[in-house]
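>
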Amino acid sequence: MRILLAIIAVSSLALQSCKQETTDTVEGIKYAGALKDIMSGKLDSNIALNELKEVPNLYALGAMAGLKGEIQIFNSQPYNSRVTPEFLELDKDFDANATLLVYAQVPEWQEFSIPKAILTLKQFDDYLEYTAVQAGIDTNQPFSFMIEGYVRKIDWHIVDWDENNTNHSRESHMKSGLNGVLVEEDVEILGFYSKDHKGIYTHHDANWHMHFNAKDRNLAGHLDDLLLGEYMTLKLPKQ
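Quick note on the working numbering: the sequence shown kicks off at 266 and runs consecutively.
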């Protein structure tokens with residue numbers, strides 16, 4: 266098992282304002298903030314995680330205010346990651362604010378064994394939509410999903426934005442903090458799928474947004490690319 270790490274830049278944490286905005290809801294998926302706003306330099310807080318502290322069966326992902334870290338919540342347990350002078354910090358509390366957050370309550374999941382032939386993200390994208398339809402999910406509406414098991418490889422990053430940098434792009438965000446490759450590790454991956462929220466909580470070239478938590482490592486963050494392993498499990502909200 267290996268983790269290949271690359272620190273591109275590490276900057277000190279900056280205080281961000283805690284402006285609160287109304288969240289939007291579509292088919293049980295709630296979100297606050299938008300990727301298009303982040304790209305225009307709007308990085309203030311749109312929701313405090315403490316507001317969700319008592320919510321059961323909570324699954325969430327997003328970016329911290331100021332783009333100072335990544336948010337991952339699995340079944341109401343946070344694994345929020347940020348870059349520090351000591352390398353990496355993983356917080357398991359709700360003491361953070363989000364400039365972008367997408368979240369849902371999932372009381373029960375149904376499981377599907379992912380075929381060995383499904384390796385790449387493109388293959389998984391097709392498999393995800395097909396399996397969701399077979400499970401009775403309307404794929405024209407947003408839904409959450411999970412992947413569990415040993416991956417062959419995950420390309421990942423944890424954003425740590427320089428507040429003086431006004432050059433916002435997907436590539437610059439990925440390179441701003443800590444990034445690396447996770448190889449042959451047991452992970453849980455949380456994703457949100459939507460065909461209609463590009464620029465909101467999915468990028469313009471994808472119908473999904475995924476974050477991960479490495480179960481045996483002090484590591485969690487944004488998933489950029491994925492090569493699935495054998496015997497992985499897809500989990501969809503039980504209908």
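Cβ atoms here follow ideal geometry from the backbone N, Cα and C, with glycine treated the same way.
How many angstroms separate the CA atom of L335 from the CA atom of L484?
Note that residue 335 is Glu in the sequence shown here, rather than Leu. In a straight line, the C-alpha of E335 is about 11 Å away from that of L484.
> From the DSSP output, in three-state form, read off A328 for me.
Three-state result, A328: strand.
> Leaving out the 5 sequence neighbours to the left and right, which residues in its chain are closer than 8 Å to T404 when beta-carbon positions are compared?
Cβ within range, chain order: E394, A397, V398, Y458, K460.
> Could I get the ranges of all uninterrupted beta strand (DSSP E) runs contained in the region 355-387, with 3 residues as the minimum, in chain order?
Correct list: 362-370, 374-378.
> Whose C-alpha, out of I312, A313, E453, H474, is nearest the C-alpha of K418?
Of the candidates I312, A313, E453, H474, the one whose C-alpha sits nearest the C-alpha of K418 is E453.
> Taking contact to mean at least 3 C-beta pairs separated by less than 8 Å, is the region 492-503 in contact with the region 374-391?
Counting Cβ pairs under 8 Å, three or more are found: they touch.
> If I follow the unbroken beta strand (DSSP E) through L491, where does it start and stop?
Segment 484-492, the beta strand (DSSP E) holding L491.
> Kindly indicate the opening and closing residues of the beta strand (DSSP E) around D451.
Run containing D451: 443-458, per the beta strand (DSSP E) assignment.
> Grab me the residues of E286's own chain with a C-beta within less than 7 Å of its C-beta, minus the 5 sequence neighbours each way, in chain order.
Any reading at E286 needs caution, since the residue's pLDDT is 42, under 50, leaving its predicted position unreliable; the model's value is listed next. These residues qualify, in order along the chain: A297, N311.
> Given a cut-off of 8 Å on the beta-carbon distance, is the pair A363 and L501 in contact?
Contact: no.
> Over what stretch of residues does the alpha helix (DSSP H) that includes K318 continue unbroken?
No alpha helix (DSSP H) contains K318, which DSSP labels as neither H nor E.
> What's the call for S305, buried or exposed, on a 16-neighbour Cβ count within 10 Å?
The residue in question, S305, is exposed, as its Cβ has fewer than 16 Cβ neighbours within 10 Å.
> Distance, Cα to Cα, I412 vs N432?
Roughly 33 Å between the two C-alpha positions.
> Output needed for I294: all residues of its chain with C-beta closer than 6 Å, excluding positions within five of it in sequence on either side, in chain order.
Contacts found: A369, P407.
> Thinking C-beta only, is L323 closer than 8 Å to L332?
Not a contact, by the Cβ cut-off of 8 Å.
> Hey, how far is the Cα of F339 from the Cα of T349?
The alpha-carbon atoms of F339 and T349 are separated by roughly 23 Å.
> Within 10 angstroms of its Cβ, does E450 collect 16 or more other Cβ (buried), or is it exposed?
The residue in question, E450, is buried, as its Cβ has 16 or more Cβ neighbours within 10 Å.
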